[in-house]
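J.: For the sequence shown, our numbering begins at 21 and goes up steadily by one. Built from N, CA and C at the ideal position, the CB exists for glycine as well.
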Amino acid sequence: MDQRDRNLTIARGLRRGLVATGIIGSVGFAAVAAVSTGSTSPAAGGSGTAHVGATGRGTGLLRGLTGDDGGGERSGDDGRPARRPRPRPPSAPLPGPSLQLGSGSPQVETLAHVALVARFGPGWFPSVGTPEQPGTFLATVSGDVEAPGVHEVEYGAPLPELIAAAGGATSGVQAVLIGGFHGAWVPGPSVPSTTMSAASLAPHGASVGAGVVLVLGNDRCGLRESAGIASYLAEQSAGQCGPCFFGLPMLAEALARLAHHGGTSAVDGAVDVVVRMTTLVRGRGACKHPDGTARFSISTLRAFTDDIAAHLGGGCRAAAAH
Ligand code: SF4
Numbered sequence: 021m022d023q024r025d026r027n028l029t030i031a032r033g034l035r036r037g038l039v040a041t042g043i044i045g046s047v048g049f050a051a052v053a054a055v056s057t058g059s060t061s062p063a064a065g066g067s068g069t070a071h072v073g074a075t076g077r078g079t080g081l082l083r084g085l086t087g088d089d090g091g092g093e094r095s096g097d098d099g100r101p102a103r104r105p106r107p108r109p110p111s112a113p114l115p116g117p118s119l120q121l122g123s124g125s126p127q128v129e130t131l132a133h134v135a136l137v138a139r140f141g142p143g144w145f146p147s148v149g150t151p152e153q154p155g156t157f158l159a160t161v162s163g164d165v166e167a168p169g170v171h172e173v174e175y176g177a178p179l180p181e182l183i184a185a186a187g188g189a190t191s192g193v194q195a196v197l198i199g200g201f202h203g204a205w206v207p208g209p210s211v212p213s214t215t216m217s218a219a220s221l222a223p224h225g226a227s228v229g230a231g232v233v234l235v236l237g238n239d240r241c242g243l244r245e246s247a248g249i250a251s252y253l254a255e256q257s258a259g260q261c262g263p264c265f266f267g268l269p270m271l272a273e274a275l276a277r278l279a280h281h282g283g284t285s286a287v288d289g290a291v292d293v294v295v296r297m298t299t300l301v302r303g304r305g306a307c308k309h310p311d312g313t314a315r316f317s318i319s320t321l322r323a324f325t326d327d328i329a330a331h332l333g334g335g336c337r338a339a340a341a342h
């Protein structure tokens, strides 16, 4: 996107009411409401302006507005500039003629909270949620529930109530993935006592994260579903850092062997490979993609211990239930 395109984009946004100027009487400040399309999974809590490479949503959008297409020096297979790793987002204002006064990208939740505080007064915010995590968040509940959808809930809300708000589970709850594909599984037996708070989710290695909640019904194989997610995650990188180029494919392949080749020699050592890879890839990428994938994978081993034992012996609990 060159400067002319950026100016056109902002002009169109002004016409369509997506850009607001003179915020609260200020001079020279504008807000842009934008939806970005990206190459990383929304379920993983990430997205970015297309071709910007590995960035967070806000950073990707801001880089797109400054004309940074994320291209490297060489071309990718599709003829577009190859994506390249990014350092962790800087907090300093990004350069660019359109953003000379600096910029920021608050989440929609934050802006909604500001509006609610303005409406109900400063006492509203700490009156909802928990003392450690006041406020509300948007939970996207999907998977094996009757009515997938987005719900605004307080931090600390019981997980069973959230599932009930989505119409309830369709076939019993085997496990719930909290925080998207970079999150962690909460095993079914723990669901009744789990709340959507950092303190309650921490023992499972999970956090609310982007608010993505995926319910896994009793009639599915947790290992197969997890192997599919791990395989997807292994493909979602620029492949420019060692952990993504070498580690994640090995990790995903080991989970796939465990899920699909139970009772054969192919599963020998698969669990050990997963454990070793999750240790090796952590903290070694230019971004947190390997860390999130490792978190998800190790939680798979913790949440589905019975399934792993069944698969090693050539069985499958979910298949036997059909
Ligand atoms: S760690 Fe992986 S996803 Fe992150 S920048 Fe490096 S190659 Fe890309």
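Quick check: does the Cβ of residue 261 come within less than 7 Å of any heavy atom belonging to ligand 1?
T.: Residue 261 sits at position 241 when you count from the first residue of the sequence shown. At least one heavy atom of ligand 1 is nearer than 7 Å to the Cβ of residue 261, so yes.
J.: Hey, could you find the ends of the alpha helix (DSSP H) residue 140 is sitting in?
T.: Stepping through the sequence shown from its first residue, residue 140 is reached at position 120. Segment 128-140, the alpha helix (DSSP H) holding residue 140.
J.: Leaving out five residues on either side along the sequence, give the residues of the same chain with a beta carbon under 7 Å from the beta carbon of residue 277.
T.: Numbered from its first residue, the sequence shown carries residue 277 at position 257. Here the set comprises 286, 287, 290.
J.: Does the structure place the region 191-207 close enough to the region 227-247 that three or more beta carbon pairs sit under 8 Å?
T.: yes
J.: Less than 8 Å between the CB atoms is what I'm expecting for residue 237 and residue 283, so what's the real figure, rounded?
T.: In the sequence shown, residue 237 corresponds to position 217, counting from 1. In the sequence shown, residue 283 corresponds to position 263, counting from 1. Actually they do not touch by this definition, with Cβ atoms about 24 Å apart.
J.: Output the distance between the C-alpha atoms of residue 281 and residue 336, rounded to the nearest integer angstrom.
T.: By 1-based counting over the sequence shown, the position of residue 281 is 261. By 1-based counting over the sequence shown, the position of residue 336 is 316. Using only the alpha carbons, I get a separation of about 11 Å.
J.: Can you name the start and end residues of the beta strand (DSSP E) that residue 145 belongs to?
T.: Residue numbering aside, residue 145 sits at position 125 when the sequence shown is read from its first letter. That residue, residue 145, is in no beta strand (DSSP E); its alpha helix (DSSP H) goes 144-147.
J.: Taking DSSP's pairing of strands, which residues face residue 236 in a bridge?
T.: Residue numbering aside, residue 236 sits at position 216 when the sequence shown is read from its first letter. Residue 236 pairs with 195.
J.: Report buried or exposed for residue 327, applying the criterion of at least 16 other Cβ atoms within 10 angstroms of its Cβ.
T.: Translated into the one-based positions of the sequence shown, residue 327 becomes position 307. For residue 327, the number of other beta carbons within 10 angstroms of its own is at least 16, and it is reported as buried.
J.: So what does residue 284 bridge to, in DSSP terms?
T.: What you label residue 284 is simply residue 264 of the sequence shown in a count that begins at 1. Answer is none; residue 284 lacks a bridge partner.
J.: Quick check: the region 242-255 against the region 167-184, are there 3 or more CB pairs under 8 Å?
T.: no
J.: For residue 250, which of 313, 339, 217, 332 has the nearest alpha-carbon?
T.: Walking along the sequence shown from the start, residue 250 turns up at place 230. Residue nearest to residue 250 within the set 313, 339, 217, 332 is 313 (criterion: CA-CA distance).
J.: For residue 143 and residue 154, what's the separation of their Cα atoms in angstroms?
T.: Within the sequence shown, numbered from 1, the residue matching residue 143 stands at position 123. Within the sequence shown, numbered from 1, the residue matching residue 154 stands at position 134. Approximately 11 Å, taken between the alpha carbons.
J.: In the DSSP assignment, find the alpha helix (DSSP H) that holds residue 245 and state where it starts and stops.
T.: Residue numbering aside, residue 245 sits at position 225 when the sequence shown is read from its first letter. Here the alpha helix (DSSP H) through residue 245 covers 242-255.
J.: Is residue 312 near ligand 1, going by C-beta to nearest heavy atom under 7 Å?
T.: Position 292 of the sequence shown holds residue 312. Every heavy atom of ligand 1 is 7 Å or more from the Cβ of residue 312, so no.
J.: Pick helix, strand or coil for residue 168, following the three-state DSSP scheme.
T.: Here residue 168 corresponds to residue number 148 of the sequence shown, with the count starting at 1. Looking at residue 168 - three-state DSSP - the assignment turns out to be coil, as it is neither helix nor strand.
J.: With distances taken from CA atoms, which of 240, 210, 181 is nearest residue 163?
T.: As a first step, residue 163 must be located in the sequence shown, where it is residue number 143. For residue 163, the nearest C-alpha among the options comes from 240.
J.: Can we say the region 313-323 touches the region 292-305, given the rule of at least three CB pairs closer than 8 Å?
T.: yes
J.: From which residue to which residue does the alpha helix (DSSP H) around residue 157 run?
T.: One-based indexing of the sequence shown puts residue 157 at position 137. First-last for residue 157: 156-163, but that is the beta strand (DSSP E), not the alpha helix (DSSP H).
J.: How is residue 258 classed by DSSP in three states: helix, strand or coil?
T.: Here the question's residue 258 lines up with position 238 in the sequence shown. Residue state, collapsed to three classes: coil.
J.: Mind checking which residues open and close the beta strand (DSSP E) that includes residue 207?
T.: Mapped onto the sequence shown, residue 207 falls at position 187. Element bounds for residue 207: 204-207.
J.: Can you name, in chain order, every residue of its own chain whose Cβ lies under 7 Å from the Cβ of residue 195, other than the five neighbours on each side?
T.: Within the sequence shown, residue 195 is the residue found at index 175, counting from 1. 205, 206, 207, 208, 236, 242, 323, listed in sequence order.
J.: Sort out for me which residues DSSP pairs residue 189 with in a bridge.
T.: Residue 189 sits at position 169 when you count from the first residue of the sequence shown. For residue 189, which the question treats as bridged, DSSP gives the partners 165.
J.: Can you tell me the Cα-Cα spacing of residue 330 and residue 339, whole angstroms?
T.: Translated into positions along the sequence shown, residue 330 becomes position 310. Translated into positions along the sequence shown, residue 339 becomes position 319. Cα-Cα distance, rounded: 11 Å.
J.: For ligand 1, any of its heavy atoms closer than 7 Å to the Cβ of residue 317?
T.: Here residue 317 refers to the residue found at position 297 when the sequence shown is read from its first residue. Checking the Cβ of residue 317 against ligand 1 gives no.
J.: What three-state label does DSSP hand residue 174 in the structure shown?
T.: Translated into positions along the sequence shown, residue 174 becomes position 154. In this structure, residue 174 counts as strand in the three-state DSSP scheme.
J.: Beta-carbon within less than 7 Å of residue 165's beta-carbon, same chain only, minus the 5 sequence neighbours each way: which residues are those?
T.: As a working mapping, residue 165 is identified with position 145 in the sequence shown. These residues qualify, in order along the chain: 183, 186, 187, 188, 189, 190, 235.
J.: Cβ of residue 331 versus every heavy atom of ligand 1: is any distance shorter than 7 Å?
T.: Along the sequence shown, read from residue 1 onward, the residue named residue 331 stands at position 311. Not under cutoff, so the answer is no.
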